[in-house]
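Protein chains in written order, with my numbering: chain A, 43 to 260; chain B, 43 to 260.
From the three backbone atoms N, C-alpha and C, an ideal C-beta is built for every residue, glycine too.
Here's the structure, in structure tokens; my notes come after.
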């Protein structure tokens, strides 16, 4: 929200969803995709897609559509994943390990540059093929490797401290899974609290007729 | 996106974020919060907050603000978490276990009603205090317990099949972590692909000046 750049975060968040569909189309041998089909696949309106892409240049031709390979490559460049940037992961517990395994399996355009954990039993060991370093090494290691991206999968109590170390090391963007709201004036933070995701889900699981539109204070 | 109800999904997604701040204020002994402070805490504009809440009734008083306890209780009722609904979890791997542990620690207003896994070694065992049932039992168990919410944390290859079983059992809302887009005309699905979250993050980690606004096709 405090991101100084002018492009709406919601636009940036949609780009990987467009990319995923384009990659699947490309694998299926499609060279061109119409704006209507891309809209159906992503479930965003053609207008929304056009508006999002217009921030970055002119893509697509009226009556023809988008070049699948060209648009996918452009989105990878815009997101900065064409160069496969390195990610630091802090917290080699279950969630962190799941994330490492997942990134190892799926080619997402990111590589794992460093893994940290404050548990001395875990640090100096290996998790999913990555050496685990002690949390005390975060700032130094991140600075030396020029890592700009990080994911935090530590318990709530440890999150603020590892965040400070990441920022000290020069990290510019953090995906935080700890249920603590982290913020910093010059670092982009996406706080992804799994509990709040489930709470939003609960709304849609209510008994038919429970639209939540009843006056709760009636 | 295909949700037939009129309230925007983005509004529903913000309600748990408002709730989290209200709960923290309540724990700190605050009875009333101004619209300005709530805006600072959540990083959403006062206008956005007012607009979101207006879907559900009249909250807050001009010049006074919101009653912390009243608004928190109203949001819990709107989301349907006041009655602590049950959630089915399919996939007792690392991510699933992390989610169970997390829900056990944090009082989020949801309880775990059933845990499933297709691995015979895991099913019939226990994970985080929950008995793990075989995936073949999903539809029957979910129907019997009238579970309407589910989280899917299985590999991509298994996601479609367990989704079908959940829908057959009557589940109405699903949080899907598998990197496969699940959809159904009458079931709300939130596809939360951790790779796409990281790809969006990558944008903000680019070297200074790399705003992504350069013409990628130049």
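So residue i contacts chain B; which residues on that side make the cut at Cβ distance below 7 Å?
| i | result |
| --- | --- |
| residue 108/A | Chain B residues near residue 108/A: none, gap ~12 Å exceeds 7 Å. |
| residue 214/A | 246 and 247 |
| residue 227/A | Result: empty, since nearest Cβ-Cβ is about 12 Å, beyond 7 Å. |
| residue 221/A | 148 |
Between residue i and chain A, is there a C-beta pair that is closer than 8 Å?
| i | result |
| --- | --- |
| residue 202/B | no |
| residue 121/B | yes |
| residue 199/B | no |
| residue 82/B | no |
| residue 237/B | yes |
| residue 95/B | no |
| residue 54/B | yes |
| residue 208/B | no |
| residue 267/B | The requested residue 267/B is not part of the displayed model; chain B covers only 43 to 260. |
| residue 129/B | yes |
| residue 257/B | Bear in mind that the predicted position of residue 257/B carries a pLDDT of just 34, short of 50, making it unreliable; the figure below should be weighed with that in mind. Taking Cβ atoms only, chain A reaches closer than 8 Å to residue 257/B, which makes this a yes. |
| residue 224/B | no |
| residue 50/B | no |
Which residues of chain A have a Cβ atom closer than 8 Å to the Cβ of residue i, listed in chain order?
| i | result |
| --- | --- |
| residue 230/B | 243, 246 and 247 |
| residue 167/B | The contacting residues do not exist; residue 167/B stays about 16 Å from chain A at best. |
Listing by chain order, which chain B residues have their CB less than 8 Å from the CB of residue i?
| i | result |
| --- | --- |
| residue 67/A | Correct list: empty, because the minimum Cβ distance to chain B is about 13 Å. |
| residue 162/A | Ordered by position in chain B, no residue passes the 8 Å Cβ test against residue 162/A, which lies about 21 Å from the chain. |
| residue 234/A | 239 |
| residue 136/A | 136, 137, 139, 140 and 143 |
Would you tell me roughly how many angstroms separate the C-alpha atoms of residue i and residue j, rounded to the nearest one?
| i | j | result |
| --- | --- | --- |
| residue 66/B | residue 237/A | 15 Å |
| residue 97/B | residue 246/A | 15 Å |
| residue 72/B | residue 156/B | 37 Å |
| residue 68/B | residue 216/A | 28 Å |
| residue 169/B | residue 108/B | 41 Å |
| residue 87/A | residue 81/A | 5 Å |
| residue 239/B | residue 55/A | 7 Å |
| residue 180/A | residue 128/A | 14 Å |
| residue 126/B | residue 234/A | 21 Å |
| residue 259/B | residue 124/B | Since pLDDT at residue 259/B reaches only 34, below the 50 mark, its modelled position is unreliable, and the value read off the structure follows with that caveat. Each residue's Cα considered, the two are about 52 Å apart. |
| residue 46/B | residue 242/A | Residue confidence for residue 46/B is low, a pLDDT of 45 falling below 50, so the modelled location carries little weight and cannot support an answer. |
| residue 220/B | residue 104/B | 45 Å |
| residue 99/A | residue 53/B | 30 Å |
| residue 51/A | residue 78/A | 24 Å |
| residue 201/A | residue 226/A | 13 Å |
| residue 249/B | residue 120/A | 12 Å |
| residue 85/A | residue 167/A | 43 Å |
With a threshold of 16 other CB atoms inside 10 Å of the CB of residue i, please say whether the residue is buried or exposed.
| i | result |
| --- | --- |
| residue 165/B | buried |
| residue 244/A | buried |
| residue 63/B | buried |
| residue 264/B | Outside the shown range of chain B (43 to 260) lies residue 264/B, about which nothing can therefore be said. |
| residue 186/B | exposed |
| residue 48/B | exposed |
| residue 130/B | buried |
| residue 162/B | exposed |
| residue 150/A | buried |
| residue 190/A | buried |
| residue 171/B | exposed |
| residue 118/B | buried |
| residue 26/B | With chain B covering only 43 through 260, there is no way to say anything about residue 26/B. |
| residue 177/B | buried |
| residue 278/A | Because chain A is modelled from 43 through 260, residue 278/A falls outside the range shown and cannot be assessed. |
| residue 43/A | Only weak support exists for where residue 43/A lies, its pLDDT of 44 falling under 50; the coordinates are left without a value. |
Among the options, which one has its Cα closest to the Cα of residue i?
| i | options | result |
| --- | --- | --- |
| residue 196/A | 141/A, 78/A and 74/A | 141/A |
| residue 199/A | 91/B, 106/B, 147/B and 187/B | 147/B |
| residue 58/B | 157/B, 211/B, 152/B and 158/B | 152/B |
| residue 218/A | 210/A, 187/A, 177/A and 138/A | 138/A |
| residue 133/A | 125/A, 74/A, 81/A and 175/A | 175/A |
| residue 90/B | 212/B, 190/B and 60/B | 60/B |
| residue 231/A | 194/A, 119/A and 179/A | 194/A |
| residue 154/A | 124/A, 192/A, 178/A and 122/A | 192/A |
| residue 159/A | 229/A, 99/A and 205/A | 205/A |
| residue 222/A | 94/B, 106/B, 226/B and 144/B | 144/B |
| residue 188/B | 173/B, 201/B and 208/B | 208/B |
| residue 182/A | 201/A, 211/A and 115/A | 211/A |
| residue 75/B | 94/B, 95/B and 113/B | 113/B |
| residue 110/A | 70/A, 249/A and 167/A | 70/A |
| residue 83/A | 228/B, 224/B and 229/B | 224/B |
| residue 116/A | 95/A, 136/A and 203/A | 95/A |
Quick check on residue i - is its C-beta less than 8 Å from some C-beta in chain B?
| i | result |
| --- | --- |
| residue 171/A | no |
| residue 43/A | Summary for residue 43/A: the model assigns pLDDT 44, below 50, so the residue's position carries little reliability; its value from the coordinates is reported in the next sentence. Closer than 8 Å: yes. |
| residue 133/A | no |
| residue 176/A | no |
Mind listing the chain A neighbours of residue i? Cutoff is C-beta to C-beta under 7 Å, in chain order.
| i | result |
| --- | --- |
| residue 150/B | 237, 240 and 241 |
| residue 62/B | 238 |
What does residue i reach in chain B if we use C-beta pairs closer than 9 Å?
| i | result |
| --- | --- |
| residue 191/A | 240, 243, 244, 246 and 247 |
Tell me whether residue i, by its Cβ, gets closer than 7 Å to a heavy atom of the ligand ATP.
| i | result |
| --- | --- |
| residue 211/A | In terms of ligand content, the structure shown is empty, and the ligand ATP therefore cannot be addressed. |
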